[in-house]
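K.L.:
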Amino acid sequence: MLSIAFYYVAKAWISPILEYSQLNIIAQQLIVILLSVLLWVQSLYIKNIVSKNEKLERRVQELEKINPEIGIMNFREFLDRAETIYTAVKRRNEAGQLIIIKLTDIAIGNSKASKTLMRLLGEAIIKSIRKNYDLVGLYNNNTFIALLQNTNEFGSEIVINRIKDNIDKIENLNYDELLNDLNFIVKNVDSTFISFDDFLKSILSAGE
46 MLSIAFYYVA KAWISPILEY SQLNIIAQQL IVILLSVLLW VQSLYIKNIV SKNEKLERRV
106 QELEKINPEI GIMNFREFLD RAETIYTAVK RRNEAGQLII IKLTDIAIGN SKASKTLMRL
166 LGEAIIKSIR KNYDLVGLYN NNTFIALLQN TNEFGSEIVI NRIKDNIDKI ENLNYDELLN
226 DLNFIVKNVD STFISFDDFL KSILSAGE
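Take the sequence shown: its position 57, counting from 1, is numbered 102 in my numbering, and each next residue is one higher.
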């Protein structure tokens with residue numbers, strides 16, 4: 046479109062006036078330039094909308110990976126990421142730890158109080174692990190699973206103590222009573238299984 050505008054400019058100043066007056070040619074030139082600018086602005090607007098939609102879609106996809114009420118990675122997403130870590134642990138022949146944190150002896154249902162309690166526990170667990178290195182997922186409505194890379198039983202003990210310390214910092218919560226209702230199960234990551242899913246099923250099927 047801009048090339049057409051330049052054509053009219055050249056025509057107005059170089060070509061002799063044949064069918065149109067010079068004023069008409071200049072007017073046509075201005076109209077073409079205006080249309081070109083409008084098309085350019087419109088293209089930028091459309092490009093901006095497309096970019097925002099793409100960001101929104103990515104955001105929705107990320108939110109689908111997180112339990113909206115607890116704020117913790119859902120079990121399916123946890124398994125997907127854990128498989129990658131499990132494969133790397135096997136390849137490097139490293140140690141790993143699995144911590145199962147289960148809330149017992151308390152009514153866990155769909156009540157707002159129960160979900161709030163699980164959310165607070167989830168936040169305490171996340172604060173206790175290494176960010177962007179270890180994983181935490183929600184197994185069911187009263188059980189969390191944490192996968193720790195390149196560590197041993199001592200490392201698991203450190204994480205558990207951090208969890209307890211972070212729970213103690215939660216306001217309006219009976220620390221001793223809650224700890225009595227929490228069950229921590231620690232397992233060495235067994236690299237003899239084909240997949241992390243198989244390893245996890247072997248633990249859960251054993252009634253742990």
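Just so you know, even glycine gets a beta-carbon here, dropped at the ideal spot from N, CA and C.
In this structure, what does DSSP give as the bridge partners for TYR117?
P.N.:
Taking the first residue of the sequence shown as 1, we reach residue 117 at position 72. Note that residue 117 is Ile in the sequence shown here, rather than Tyr. In the DSSP output, where bridge partners are listed per residue, ILE117 has none listed.
K.L.:
From the DSSP output, which residues share a beta bridge with LEU148?
P.N.:
The residue given as residue 148 occupies position 103 in the sequence shown. Beta-bridge pairing links LEU148 to LEU227.
K.L.:
Measure the alpha-carbon distance for ARG175 versus VAL181 and round it to whole angstroms.
P.N.:
Along the sequence shown, one-based indexing puts residue 175 at 130. Along the sequence shown, one-based indexing puts residue 181 at 136. Taking the straight line from one Cα to the other gives about 10 Å.
K.L.:
Could you tell me how far apart the beta carbons of ASP179 and LEU192 are, in whole angstroms, since I believe they sit closer than 8 Å?
P.N.:
Position 134 of the sequence shown holds residue 179. Position 147 of the sequence shown holds residue 192. Indeed, because the Cβ distance is near 6 Å, the residues count as touching under 8 Å.
K.L.:
Hey, how far is the Cα of TYR90 from the Cα of LEU84?
P.N.:
Within the sequence shown, numbered from 1, the residue matching residue 90 stands at position 45. Within the sequence shown, numbered from 1, the residue matching residue 84 stands at position 39. Spanning the two alpha carbons is a distance of roughly 10 Å.
K.L.:
Considering only residues of the same chain and omitting the five flanking positions on each side of ASP243, which have a CB-CB separation below 6 Å?
P.N.:
As a first step, residue 243 must be located in the sequence shown, where it is residue number 198. Answer for ASP243: no residue qualifies.
K.L.:
List the endpoints of the continuous beta strand (DSSP E) containing LEU180.
P.N.:
Counted from its first residue, the sequence shown places residue 180 at position 135. LEU180 -> beta strand (DSSP E) spans 180-185.
K.L.:
Specify the secondary structure class of LEU218 as computed by DSSP and reduced to three states.
P.N.:
For the purposes of this step, residue 218 is identified with residue 173 of the sequence shown, where counting begins at 1. Correct three-state label for LEU218: coil.
K.L.:
Give a yes or no on whether 7 Å exceeds the smallest Cβ distance from LEU75 to chain B.
P.N.:
Of the chains in the structure shown, none is chain B; there is only one protein chain.
K.L.:
LYS160 by DSSP, collapsed to three states: which one?
P.N.:
As a working note, residue 160 is residue 115 in the sequence shown. Three-state DSSP puts LYS160 in a helix.
K.L.:
Quick one: what's got a C-beta closer than 8 Å to ILE115's C-beta in the same chain, skipping five residues either side?
P.N.:
Start at 1 with the first residue of the sequence shown, and residue 115 comes out as number 70. Only LYS160, MET163, ARG164, GLY167 and LEU183 meet the Cβ criterion.
K.L.:
Could you work out which residue in LEU148, SER201 and LYS172 is closest to ASN187 when comparing CA atoms only?
P.N.:
Sequence index remark: in the sequence shown, residue 187 carries index 142 (1-based). Checking every option, the nearest Cα to that of ASN187 belongs to LEU148.
K.L.:
Could you tell me if ILE170 is buried or exposed, where buried requires 16 or more neighbouring beta carbons within 10 angstroms of its beta carbon?
P.N.:
Mapped onto the sequence shown, residue 170 falls at position 125. It is buried - the Cβ of ILE170 has at least 16 other Cβ atoms within 10 Å.
K.L.:
Who are the near neighbours of ILE215 in its chain, counting only those whose CB is closer than 6 Å to its CB and skipping five residues on each side?
P.N.:
Locating residue 215 in the sequence shown gives position 170, counting from the first residue. Closer than 6 Å at the Cβ level, and outside the excluded window around ILE215, lie LEU165.
K.L.:
Tell me where the beta strand (DSSP E) around PHE189 begins and ends.
P.N.:
Position 144 of the sequence shown, counted from the start, is the residue given in the question as residue 189. 188-194 is the span of the beta strand (DSSP E), which, as asked, contains PHE189.
K.L.:
Are ILE146 and PHE229 touching if we call contact CB-CB under 7 Å?
P.N.:
Residue 146 sits at position 101 when you count from the first residue of the sequence shown. Residue 229 sits at position 184 when you count from the first residue of the sequence shown. Cβ atoms of ILE146 and PHE229: closer than 7 Å.
K.L.:
Given a cut-off of 7 Å, decide if VAL204 and GLY141 are closer than it, judged by their beta-carbon atoms.
P.N.:
What you label residue 141 is simply residue 96 of the sequence shown in a count that begins at 1. What you label residue 204 is simply residue 159 of the sequence shown in a count that begins at 1. No, the pair does not count as a contact, with Cβ atoms beyond the cut-off.
K.L.:
Alpha carbons only, please: which of PHE189, ILE71, ALA72 and ASN69 is nearest the one belonging to LEU3?
P.N.:
There is simply no residue 3 to check, as the chain begins at 46 and stops at 253 in what is shown.
K.L.:
Quick one: using the 10 Å Cβ neighbour count with 16 as the cut-off for buried, is VAL77 buried or exposed?
P.N.:
For this step, residue 77 is matched to residue 32 along the sequence shown. Buried.
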